[in-house]
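Trainee:
There are 2 protein chains.
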Amino acid sequence: MDKPYVIGIDIGGTNSVFGVVDTRGNVLYNGSIKTGKYEDVNDYVRALGEGLQAVIRSAGGRDKIKGIGVGAPNGNYFNGCIEFAANLPWKGKVPLAQLISDRTGGIPVTLTNDANAAAIGEMTYGAARGLKDFIVITLGTGVGSGIVCGGNLVYGHDGFAGELGHTTVRRENGRLCGCGRHGCLETYASATGVARTARELLTMRTDASLLRALEPDKITSKDVFDAAVQGDKLSIEIFDITGEILGEAFANFVAFSSPEAIILFGGLSKAGDLIMEPVKRSMEAHMLKVFQGKTRLLFSQLKESDAAVLGASALGWEAKDEPMDALV
Amino acid sequence: MDKPYVIGIDIGGTNSVFGVVDTRGNVLYNGSIKTGKYEDVNDYVRALGEGLQAVIRSAGGRDKIKGIGVGAPNGNYFNGCIEFAANLPWKGKVPLAQLISDRTGGIPVTLTNDANAAAIGEMTYGAARGLKDFIVITLGTGVGSGIVCGGNLVYGHDGFAGELGHTTVRRENGRLCGCGRHGCLETYASATGVARTARELLTMRTDASLLRALEPDKITSKDVFDAAVQGDKLSIEIFDITGEILGEAFANFVAFSSPEAIILFGGLSKAGDLIMEPVKRSMEAHMLKVFQGKTRLLFSQLKESDAAVLGASALGWEAKDEPMDALV
Numbered sequence: 012m013d014k015p016y017v018i019g020i021d022i023g024g025t026n027s028v029f030g031v032v033d034t035r036g037n038v039l040y041n042g043s044i045k046t047g048k049y050e051d052v053n054d055y056v057r058a059l060g061e062g063l064q065a066v067i068r069s070a071g072g073r074d075k076i077k078g079i080g081v082g083a084p085n086g087n088y089f090n091g092c093i094e095f096a097a098n099l100p101w102k103g104k105v106p107l108a109q110l111i112s113d114r115t116g117g118i119p120v121t122l123t124n125d126a127n128a129a130a131i132g133e134m135t136y137g138a139a140r141g142l143k144d145f146i147v148i149t150l151g152t153g154v155g156s157g158i159v160c161g162g163n164l165v166y167g168h169d170g171f172a173g174e175l176g177h178t179t180v181r182r183e184n185g186r187l188c189g190c191g192r193h194g195c196l197e198t199y200a201s202a203t204g205v206a207r208t209a210r211e212l213l214t215m216r217t218d219a220s221l222l223r224a225l226e227p228d229k230i231t232s233k234d235v236f237d238a239a240v241q242g243d244k245l246s247i248e249i250f251d252i253t254g255e256i257l258g259e260a261f262a263n264f265v266a267f268s269s270p271e272a273i274i275l276f277g278g279l280s281k282a283g284d285l286i287m288e289p290v291k292r293s294m295e296a297h298m299l300k301v302f303q304g305k306t307r308l309l310f311s312q313l314k315e316s317d318a319a320v321l322g323a324s325a326l327g328w329e330a331k332d333e334p335m336d337a338l339v
Numbered sequence: 012m013d014k015p016y017v018i019g020i021d022i023g024g025t026n027s028v029f030g031v032v033d034t035r036g037n038v039l040y041n042g043s044i045k046t047g048k049y050e051d052v053n054d055y056v057r058a059l060g061e062g063l064q065a066v067i068r069s070a071g072g073r074d075k076i077k078g079i080g081v082g083a084p085n086g087n088y089f090n091g092c093i094e095f096a097a098n099l100p101w102k103g104k105v106p107l108a109q110l111i112s113d114r115t116g117g118i119p120v121t122l123t124n125d126a127n128a129a130a131i132g133e134m135t136y137g138a139a140r141g142l143k144d145f146i147v148i149t150l151g152t153g154v155g156s157g158i159v160c161g162g163n164l165v166y167g168h169d170g171f172a173g174e175l176g177h178t179t180v181r182r183e184n185g186r187l188c189g190c191g192r193h194g195c196l197e198t199y200a201s202a203t204g205v206a207r208t209a210r211e212l213l214t215m216r217t218d219a220s221l222l223r224a225l226e227p228d229k230i231t232s233k234d235v236f237d238a239a240v241q242g243d244k245l246s247i248e249i250f251d252i253t254g255e256i257l258g259e260a261f262a263n264f265v266a267f268s269s270p271e272a273i274i275l276f277g278g279l280s281k282a283g284d285l286i287m288e289p290v291k292r293s294m295e296a297h298m299l300k301v302f303q304g305k306t307r308l309l310f311s312q313l314k315e316s317d318a319a320v321l322g323a324s325a326l327g328w329e330a331k332d333e334p335m336d337a338l339v
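One line per chain: the protein sequences are A and B, in this order.
Letter by letter, the first sequence follows residues 12 to 339 in our numbering.
Letter by letter, the second sequence follows residues 12 to 339 in our numbering.
1. Cβ closer than 8 Å: which chain B residues qualify as neighbours of A:T179?
2. In angstroms with no decimal places, state the Cα-to-Cα distance between A:T121 and A:G80.
3. Less than 8 Å between CB atoms is the rule here; does B:F276 satisfy it with respect to chain A?
4. Just how far apart, CA to CA, sit B:S112 and B:N85?
5. Thinking A:A209 and A:V235 are a contact (beta carbons under 8 Å), I'd like their distance in whole angstroms, please.
6. Determine the extent of the alpha helix (DSSP H) in which B:F236 is found, giving its start and end residues.
7. Helix, strand or coil for B:D228? Go by DSSP, reduced to three states.
8. Mind listing which residues of the segment 71–88 of chain A have their C-beta closer than 9 Å to chain B's C-betas, in chain order?
9. If you measure between the beta carbons of B:V17 and B:V38, is that distance less than 8 Å?
10. Measure the Cβ-Cβ separation of B:S311 and B:G30 and say whether it is below 8 Å.
11. From what residue to what residue does the alpha helix (DSSP H) around B:N263 run?
12. On the DSSP letters alone, give me the boundaries of the alpha helix (DSSP H) that A:A272 sits inside.
13. Counting only beta-carbon separations shorter than 8 Å, does A:P270 have a partner in chain B?
14. Inspect the beta-carbon positions of A:L257 and A:I131 and report whether they are closer than 8 Å.
15. From A:F264 to A:G72, what distance separates their C-alpha atoms?
16. At a CB-CB cut-off below 8 Å, which residues of chain A make contact with B:F171?
17. Give the interface partners of A:D144 over in chain B, defined as CB-CB distance under 7 Å, in chain order.
18. Would you mind reading off the limits of the alpha helix (DSSP H) that contains A:Y16?
19. Exposed or buried, what is B:R216 when buried is set at 16 or more other beta-carbons lying within 10 Å of its beta-carbon?
20. To test your reading of the DSSP string, which unbroken beta strand (DSSP E) runs of 3 or more residues are found completely within the segment 97–156 of chain A?
21. Should A:Y166 be listed as close to the ligand NAP, given that the test is whether its C-beta is under 7 Å from any heavy atom?
22. Apart from the five residues on each side of it in sequence, which residues of its chain come closer than 6 Å, Cβ to Cβ, to A:V56?
23. Determine, for A:G161, whether the minimum Cβ-Cβ distance to residues of chain B falls below 8 Å.
24. Identify the continuous beta strand (DSSP E) that holds B:N41 and give its terminal residues.
25. Looking only at its chain, what residues have a beta carbon closer than 8 Å to the beta carbon of A:D336, apart from the 5 residues adjacent to it on each side?
26. In the DSSP assignment, find the unbroken beta strand (DSSP E) run with A:E94 in it and report its ends.
27. Based on Cα-Cα distance, which residue from B:S293, B:I118, B:S43, B:D284 lies nearest to B:K77?
28. Can you confirm whether B:R182, when its beta carbon is compared against all beta carbons of chain A, has any partner nearer than 8 Å?
29. Hey, how far is the Cα of B:T203 from the Cα of A:T152?
30. What separation, rounded to the nearest whole angstrom, lies between the Cα atoms of B:R140 and B:F302?
31. Within 8 Å (strictly less), CB to CB, does A:C190 reach chain B?
32. Flag A:A139 as yes if its beta-carbon sits less than 8 Å from any beta-carbon of chain B, otherwise no.
33. To the nearest whole angstrom, what separates the beta carbons of B:A129 and B:G322, a pair I think is in contact under 8 Å?
34. Between which two residues does the beta strand (DSSP E) harbouring A:N26 extend?
35. Apart from the five residues on each side of it in sequence, which residues of its chain come closer than 6 Å, Cβ to Cβ, to B:D21?
36. Quick check on B:L175 - is its C-beta less than 8 Å from some C-beta in chain A?
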């Protein structure tokens, strides 16, 4: 009998969550550990291994698991390493796929970054089922992306393709980005970008806004969303500005890979039509004629609480039984 | 015995050139007809068919030909049609692959646009041999591109991917493009873009230049090149400006697909280091840290006079013997 389950592990700076998933995207058994608690990656893998053993037992044992997929910041698909991830406690290059495989008695482990995992998740269980050309844009603290062309994830020659959050969208007076450059999409279209736009507008202008009741430095994208829902004009305008810039960027992405759909995933996408409508308008307005009206904008269809684990787990179905070394 | 040859056909607005090519990229027999002479596509295909019969006979007959590849403006790989090509005499959608196959007694015909053909040509016979992730940028009257990810050409869901000449590189006061939009890469980094930069600089400034001896409206990129080679400062600066913008754009492309190489092809690439050096400098300066120093910039290695035919011919090796209808 074919192995009926996979395991997804999503490694974030705070928590690592994992779960056993079936072919239809149901998370059957799950658990989590605190990533930040383990300065030494071996301690981390030991704790993770115990958590995994528990869910594997619940699922009926190791023979039921086809593979393990891991989504992690700076995860490199080609060598199974996490490489220089700023938000994780471990420095340098960590061969995590190998460590997890060893710890689980040789279950094949595939690793990639979180946005790529999201893309494979949408293709396997979500909004991209049946699509061969699409882009997933993750709108969280930063902006990430997973790109699929002709049914294959675009990894690039080094495994680091799909850094669309760091394409430059403003050449003149562009905002300073965490990467050290100026004008990156991420500085405008992330949750932090929205808060930044709010602070800028509140300083530059004098019109009334519900946001003026808040301490400027503490304004979050959630505050802007709540105010916009209550009809606050300035807050609605903030989403319009964000959507305008995102739509301009999308028009360029379409000129690159002509995707059938662009899928919005993560925090900011919860703003729904407040963000989707201006993005759509702007993308169509800036698009080369041959592409107009052909690329759909969709929201992620992965159930929110499980999305990260589902995305990672989808990689598990790709697992091959060859030894990891053959992949390096 | 395997069929030892393919045929490449490059369809331009003025001429259509074709040739029989072997596995090593030698053009053995060739010919051409005037594209512009045939208002009716059936007359065109009849004349082309006669030319093809002649080279096929020279090659030892139809059984020696594995397939025919066609590079044409607005050529759509998926349906074998030329669709609404502004520079060709035929209007609307022309099923050219089918017409050519019928006319040559059923040799399988594959068609794509000229920049995609160039990319497949580089991969088969040129600078991209052995590469799985690269981008070919054609710098001619316009700017075209062929993108290869993981060994596969990126066609997009509709066959029109790879319009990198129409990504927006200047949001504010961007130049008007032939496509009706503003700030496209093509308006700066094409041969016509270089001439435009020359006219702008000559108007804005007063410093001496060899270009001032020419009638501004008639200045070509070749004139700018000739002057730069003679040490003309303004002309060298024009290439620096062009390279700067091209390098900025390349840094964004790298964030998308992380190619191992970007290959410059066509007219403007003949400027050699005059264009390559500023592009390199600018690309590295604008690149996200994780990509720095990893993407090579190369010149096309297809012999100039044969490049277009070779590019198109490379598609012929992909030909399958299934009927065209199966591909639509």
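We put the beta carbon where it would ideally sit given N, CA and C, even for glycine.
Mentor: Based on what the coordinates show:
1. E259, A262, N263, H297
2. Rounded to whole angstroms, A:T121 to A:G80 spans 5 Å at the Cα level.
3. no
4. Looking at the two C-alpha atoms, the distance is approximately 19 Å.
5. 5 Å
6. 232–240
7. helix
8. N85
9. no
10. no
11. If you look at B:N263, you'll find it in the alpha helix (DSSP H) that goes 244–268.
12. Segment 272–276 is the beta strand (DSSP E) holding A:A272; no alpha helix (DSSP H) there.
13. Taking a beta-carbon distance threshold of 8 Å, A:P270 counts as an interface residue toward chain B.
14. no
15. The straight-line gap from Cα to Cα measures roughly 44 Å.
16. S269, V301, F302
17. G167, H168
18. Careful: A:Y16 lies outside any alpha helix (DSSP H), inside the beta strand (DSSP E) at 16–22.
19. exposed
20. 120–123, 145–150
21. The ligand NAP is absent from the structure shown, which contains no ligand whatsoever.
22. L110, R114
23. yes
24. 38–45
25. With a pLDDT of only 46 at A:D336, under 50, the local geometry of the prediction cannot be trusted, and the value read off the model is given with reservation. Taken in chain order, the list of residues that qualify is empty.
26. Residue range 92–94 is occupied by the beta strand (DSSP E) that includes A:E94.
27. B:I118
28. yes
29. 42 Å
30. Looking at the two C-alpha atoms, the distance is approximately 22 Å.
31. yes
32. no
33. That belief holds up - the Cβ atoms of B:A129 and B:G322 are roughly 4 Å apart, short of 8 Å.
34. 26–32
35. V28, G82, A319, V320, A323
36. yes
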